[in-house]
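First the structure, in the form of structure tokens, and then the observations on it.
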């Protein structure tokens, strides 16, 4: 099960490798701008707000709202029976395309993949800005962090 609270952005074209940080017991490489600050998220994802919203509606157990909020829920088998999970999201657009998507909650990896697929991933690479930690990670580091206890 993945635990996460992150903004998903199109990969910034000018991002560079930043310092490694330790989060949830994992050593993770970060991304920075070329001036040493946070990456500049100027690129948009390759989908429109409406197209992503329609794709989300095709996922099971998903509810979408006109303002871009969505919710995906389910149950996952565990040793003691089942555990309930939920992933909240909020889409934000700029210049007719989705600029970022905030994701918050817990979900199986396959559900995260399905939600990311509505954004144009994996063809369009994405990065993850951790909301509380204030760092930006590439895909492998993000998944390691989200899976860590």
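Residue numbers (this note's numbering): 31 to 179.
Where is the CB? At the ideal position from N, CA and C, for every residue including glycine.
Could you pull out every residue in the same chain whose Cβ sits closer than 8 Å to the Cβ of residue i, ignoring the five residues on either side in sequence?
i, result
"residue 46", "61, 62, 63, 64"
"residue 51", "57, 58, 60, 163, 165"
"residue 156", "38, 39, 40, 41, 75, 146, 149, 169"
"residue 110", "none"
Would you call the CB atoms of residue i and residue j closer than 8 Å?
i, j, result
"residue 31", "residue 106", "yes"
"residue 78", "residue 48", "no"
"residue 117", "residue 141", "yes"
"residue 40", "residue 154", "yes"
"residue 136", "residue 129", "no"
"residue 94", "residue 83", "yes"
"residue 104", "residue 121", "no"
According to DSSP, residue i sits in a beta bridge with which residue or residues?
i, result
"residue 135", "34, 117"
"residue 123", "128"
"residue 148", "Answer by DSSP bridge pairing: none, since residue 148 is not bridged."
"residue 46", "62"
"residue 101", "93, 118"
"residue 167", "158"
"residue 39", "130, 157"
"residue 108", "111"
"residue 142", "Residue 142 pairs with nothing; no bridge assigned."
Mind checking residue i: buried by the 16 CB within 10 Å criterion, or exposed?
i, result
"residue 144", "buried"
"residue 159", "buried"
"residue 37", "buried"
"residue 114", "exposed"
"residue 150", "buried"
"residue 170", "exposed"
"residue 69", "buried"
Rounded to whole angstroms, what's the CA-CA distance from residue i to residue j? Just pull it up for me.
i, j, result
"residue 101", "residue 161", "18 Å"
"residue 148", "residue 44", "24 Å"
"residue 86", "residue 55", "33 Å"
"residue 74", "residue 35", "20 Å"
"residue 174", "residue 90", "26 Å"
"residue 139", "residue 66", "32 Å"
Enumerate in chain order the residues of its own chain whose CB-to-CB distance from residue i is below 6 Å, with the five nearest sequence positions on each side excluded.
i, result
"residue 119", "100, 131, 133"
"residue 76", "150, 154"
Can a CB atom of chain D be found closer than 8 Å to the CB of residue i?
i, result
"residue 44", "Of the chains in the structure shown, none is chain D; there is only one protein chain."
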